[in-house]
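Peer 1:
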Amino acid sequence: MFVYVLNQDGGPLMPCRPAKARKLLEAGKAKVVRRTPFTIRLLWDCEDHVQEVVAGMDTGSKRLGCAATTNNKVVYAAEVQ
Numbered sequence: 001m002f003v004y005v006l007n008q009d010g011g012p013l014m015p016c017r018p019a020k021a022r023k024l025l026e027a028g029k030a031k032v033v034r035r036t037p038f039t040i041r042l043l044w045d046c047e048d049h050v051q052e053v054v055a056g057m058d059t060g061s062k063r064l065g066c067a068a069t070t071n072n073k074v075v076y077a078a079e080v081q
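Following full-length UniProt numbering, the numbering of the sequence shown begins with 1 at its first residue and continues without gaps.
So this is what it looks like as structure tokens:
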């Protein structure tokens with residue numbers, strides 16, 4: 001599970017783990033923007049380092065699967081029946 005992260009201007013950054021998001025929120029360095037999906041916005045100006053994300057779709061006979069991945073982790077995955 002990941003928490004989506006926005007920069008100070010509202011632009012997307014790479015997601016982080018819930019523990020990292022909790023530490024940022026407790027330190028006052030971020031605020032909650034949305035609860036579903038859980039998204040935080042950083043309150044300081046940071047560099048926009050983002051990795052390449054590849055989207056994939058699998059059209060099965062009864063279900064549709066989609067995922068977004070980086071080199072070593074799945075950022076988003078869903079299945080629709």
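We put the beta carbon where it would ideally sit given N, CA and C, even for glycine.
Values in this document were obtained by computation on a predicted structure and should not be read as measured data.
1) If you count every other CB in all the chains shown that lies within 10 Å of the CB of P15, and 16 or more means buried, which is it?
2) For T59 and G65, what's the separation of their Cα atoms in angstroms?
3) Report buried or exposed for L43, applying the criterion of at least 16 other Cβ atoms within 10 angstroms of its Cβ.
4) Excluding the five sequence neighbours on either side, which residues of its own chain have a C-beta within less than 6 Å of the C-beta of D45, listed in chain order?
5) Measure the Cβ-Cβ separation of K31 and R41 and say whether it is below 8 Å.
6) Assign A21 to one of three DSSP states: helix, strand, or coil.
Peer 2: Quick answer:
1) buried
2) One alpha carbon belongs to T59, the other to G65, and they sit about 6 Å apart.
3) exposed
4) Q8
5) The beta carbons of K31 and R41 sit closer together than 8 Å.
6) helix
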